[in-house]
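Under the UniProt record's numbering, think of the first position of the sequence shown as 14, with each following residue one higher.
All residues carry an ideal CB built from backbone N, CA and C; glycine is no exception.
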Amino acid sequence: RAPPCTLVIFGAGGDLTKRLLMPALYNLAGGGLLDQEFSVLGVDHNPLTDDGWRDDLTKTMESFTKDPSAEFHAERIDPRPWGFVRERLHVMQGDFSEEATFKDLAGRVTGNVVFYLAVAARFFGPVVEGLGKAGLLKQADHAFRRVVIEKPFGADLASAKALNETILAQGDESQFYRIDHFLGKETVQSILAIRFANAMLEPIWRREHVDHVEITAAETIGVEERGRFYEPTGALRDMVPNHLFQLLTMVAMEPPGAFDAEAVRDEKTKLVTAIRPVTPDNAVRGQYAAGHEDGKEVPAYRDEPDVSKESRTETYAALKLEIENPRWSGVPFYLRTGKRMAGRRTEIAVHFKAPSLPLFRGAAGDGIAPNVMRLRIDPEPGSATRLNVKRPGPQMHLAAIETGFRYADFFDPAPTVGYETLLYDCMRGDPTLFQRADTIEASWAAVDPLIQAWKDAPVCSYPAGSPGPKEADDLLARDGRAWLPLG
Ligand code: BG6
Numbered sequence: 014r015a016p017p018c019t020l021v022i023f024g025a026g027g028d029l030t031k032r033l034l035m036p037a038l039y040n041l042a043g044g045g046l047l048d049q050e051f052s053v054l055g056v057d058h059n060p061l062t063d064d065g066w067r068d069d070l071t072k073t074m075e076s077f078t079k080d081p082s083a084e085f086h087a088e089r090i091d092p093r094p095w096g097f098v099r100e101r102l103h104v105m106q107g108d109f110s111e112e113a114t115f116k117d118l119a120g121r122v123t124g125n126v127v128f129y130l131a132v133a134a135r136f137f138g139p140v141v142e143g144l145g146k147a148g149l150l151k152q153a154d155h156a157f158r159r160v161v162i163e164k165p166f167g168a169d170l171a172s173a174k175a176l177n178e179t180i181l182a183q184g185d186e187s188q189f190y191r192i193d194h195f196l197g198k199e200t201v202q203s204i205l206a207i208r209f210a211n212a213m214l215e216p217i218w219r220r221e222h223v224d225h226v227e228i229t230a231a232e233t234i235g236v237e238e239r240g241r242f243y244e245p246t247g248a249l250r251d252m253v254p255n256h257l258f259q260l261l262t263m264v265a266m267e268p269p270g271a272f273d274a275e276a277v278r279d280e281k282t283k284l285v286t287a288i289r290p291v292t293p294d295n296a297v298r299g300q301y302a303a304g305h306e307d308g309k310e311v312p313a314y315r316d317e318p319d320v321s322k323e324s325r326t327e328t329y330a331a332l333k334l335e336i337e338n339p340r341w342s343g344v345p346f347y348l349r350t351g352k353r354m355a356g357r358r359t360e361i362a363v364h365f366k367a368p369s370l371p372l373f374r375g376a377a378g379d380g381i382a383p384n385v386m387r388l389r390i391d392p393e394p395g396s397a398t399r400l401n402v403k404r405p406g407p408q409m410h411l412a413a414i415e416t417g418f419r420y421a422d423f424f425d426p427a428p429t430v431g432y433e434t435l436l437y438d439c440m441r442g443d444p445t446l447f448q449r450a451d452t453i454e455a456s457w458a459a460v461d462p463l464i465q466a467w468k469d470a471p472v473c474s475y476p477a478g479s480p481g482p483k484e485a486d487d488l489l490a491r492d493g494r495a496w497l498p499l500g
């Protein structure tokens with residue numbers, strides 16, 4: 014059970030609070046993981062009353078039971094855990110840029126507090142400064158004061174550094190919990206278990222045996238209603254130095270000396286620091302044109318709401334990375350992410366080298382298909398490994414088969430929207446699944462040359478519902494390789 018604390022949510026009326034934080038608290042309450050003394054204090058610039066906010070959130074929770082697109086799935090809302098959360102909800106009005114808000118707040122909270130910044134990124138610095146100046150980040154009498162900061166943490170290396178400087182002037186690194194929601198995904202956390210708890214895998218997870226690694230986060234949805242955020246952001250900033258690099262660190266970092274937060278995060282930073290900064294000749298940017306999704310016609314990115322008709326923002330990015338360390342030197346890591354692609358898939362594919370024995374070379378049949386181990390995160394968590402077997406029959410013909418497992422076949426689906434563990438860990442003071450300042454800065458540093466080069470670069474086009482721009486295929490074809498199909 015988490016220690017007693019107040020969760021102060023800046024952005025109480027926002028989407029994140031409704032869609033993710035409330036369902037996560039409901040699930041935590043359902044699991045008996047919240048203390049009786051737990052409470053929530055929402056802060057919003059709109060006037061809300063406790064009762065009004067409670068009623069609104071109850072309606073929203075109920076609406077999720079009929080909304081298949083919601084992150085939260087339940088047939089009905091159980092009145093016990095929801096009642097537990099609901100009666101602990103309080104709200105106050107406040108402008109995030111005014112000192113008075115923080116003074117008010119200081120009069121309302123005591124003891125352990127987690128401040129959750131569910132607000133637009135431009136408020137991160139000012140809110141932390143407001144908290145600091147009002148003395149709200151001082152940790153006296155063993156009470157903790159922690160701040161959860163949502164993504165995006167900076168828009169490039171310079172702005173991420175500046176933001177770290179601003180917040181670290183108000184508190185200690187150990188008080189800041191920078192979120193990357195990919196780390197809340199069970200299967201992402203499981204990558205370390207798969208790698209380091211299986212003695213048959215660890216020895217071959219290196220350059221001597223691995224040919225290349227593919228990391229994909231492909232989405233079928235478009236930019237939806239987020240044009241205003243997405244236009245100055247683009248796929249590279251939105252997904253690569255954060256989500257894709259989290260997958261990269263999990264699959265490529267060295268084993269930590271211990272399974273504790275600093276040891277794990279030290280290894281992540283070392284890995285990210287070893288990435289050779291990416292140059293434009295090793296990357297492709299694309300933007301979706303009109304096309305088809307699920308048989309329906311869908312508009313081009315430039316015709317989406319709040320998007321400029323001349324926009325050159327990328328909705329797709331592919332990168333070839335090189336990691337300069339003894340384990341991975343010479344092994345390319347190909348990363349791709351995009352919206353409106355041919356399939357929804359988040360996965361890591363580790364491609365192994367072909368066997369060195371010439372035993373089957375030239376033999377009739379299908380030839381040898383190198384082993385590939387796919388660690389699947391979305392939409393169907395699990396893994397699949399390609400192996401070669403003998404095709405039944407009188408001749409020695411080979412066939413490639415896939416053997417795998419699905420989490421759903423072994424484990425009951427835990428009720429989760431992906432934020433439960435993150436909230437729970439923050440209340441317990443375990444920052445393992447949060448990003449440290451140095452990792453974030455090293456991640457931005459790796460893509461910064463690309464961000465600068467892409468400012469004035471043209472963007473390739475790909476039809477909505479396709480695997481991405483042809484130029485991204487060329488990026489791999491140049492090395493004699495190809496992306497795994499998305500369908
Ligand atoms: C978010 C990005 O951080 O991650 C979105 O801003 C993206 O653009 C989303 O759609 C993807 O997350 P998931 O969990 O749906 O794969």
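Distances taken from the Cβ of residue 452 to the heavy atoms of the ligand BG6 include none shorter than 7 Å. In the structure shown, residue 296 falls within a strand segment according to DSSP collapsed to helix, strand and coil. For residue 411, DSSP records a beta bridge to 403. The residues 269 and 445, in chain order, have a CB closer than 6 Å to that of residue 277 in the same chain once the five nearest residues on each side in sequence are set aside. Excluding residues up to 5 positions away in sequence, 306, 353, 354, 356 and 357 lie with their Cβ nearer than 7 Å to the Cβ of residue 233 in the same chain. In the DSSP assignment, residue 348 falls within the beta strand (DSSP E) that extends over 346–351. With a threshold of 16 other beta carbon atoms within 10 Å, residue 213 falls short and is exposed. Pairwise C-beta distances place the stretch 471–483 in contact with the stretch 285–302, as three or more of them are shorter than 8 Å.
For residue 52, the uninterrupted beta strand (DSSP E) run begins and ends at 52–57, by DSSP. In this structure, the ligand BG6 has no non-hydrogen atom nearer than 7 Å to the beta-carbon of residue 35. With a threshold of 7 Å, the Cβ atom of residue 359 counts as near the ligand BG6, since some heavy atom of the ligand is closer than that.
Contact annotation: residue 48 and residue 14 have beta-carbon atoms nearer than 8 Å. Not one heavy atom of the ligand BG6 sits closer than 7 Å to the Cβ of residue 173. Listed in chain order, the non-local C-beta contacts of residue 283 below 6 Å within the same chain number zero, local neighbours out to five positions each way being set aside. Of all C-beta pairs linking the stretch 340–349 to the stretch 226–245, three or more are shorter than 8 Å, placing the two stretches in contact.
Burial check for residue 409: the Cβ neighbour count within 10 Å stays below 16, so the residue is exposed. Per DSSP, the unbroken beta strand (DSSP E) holding residue 388 starts and ends at 385–391.
When DSSP states are grouped into helix, strand and coil, residue 47 belongs to the coil group. With a threshold of 16 other beta carbon atoms within 10 Å, residue 308 falls short and is exposed.
For the options 54, 393, 215 and 118, the alpha carbon positioned closest to that of residue 145 is the one of 118. Positions of the beta strand (DSSP E) runs, each at least 3 residues long and wholly inside the stretch 69–117, are given as 102–106 in order along the chain. Rounded to whole angstroms, the gap between the alpha carbons of residue 417 and residue 256 is 24 Å. Distances taken from the Cβ of residue 306 to the heavy atoms of the ligand BG6 include none shorter than 7 Å. Only residues of its own chain outside the window of five on either side were considered, and among them none has a CB closer than 6 Å to the CB of residue 172. A straight line joining the alpha-carbon of residue 487 with that of residue 423 spans about 39 Å.
In the structure shown, the three-state DSSP call for residue 19 is strand. Within the model, the alpha-carbon separation for residue 53 versus residue 333 is close to 44 Å. For residue 280, same chain residues with a beta-carbon under 6 Å away, outside a window of 5 residues either side, are 266, 267 and 269 in chain order. About 5 Å separates the beta carbons of residue 104 and residue 61, which is inside the 8 Å limit, making them a contact pair.
In this structure, the CA atom of residue 43 is about 23 Å from the CA atom of residue 26.
For residue 264, the enclosing alpha helix (DSSP H) stretches over residues 258–265.
Around residue 195, the same chain offers 201, 256 and 259 as residues with beta carbons nearer than 6 Å, after the five sequence neighbours per side are excluded. At a Cβ-Cβ threshold of 8 Å, residue 485 and residue 331 count as neighbours. Comparing alpha-carbon positions, the option among 211, 89, 390 and 439 lying closest to residue 421 turns out to be 390. Less than 8 Å divides the Cβ of residue 319 from the Cβ of residue 241. With contacts defined as CB atoms closer than 8 Å, residue 351 and residue 328 qualify as a contacting pair.
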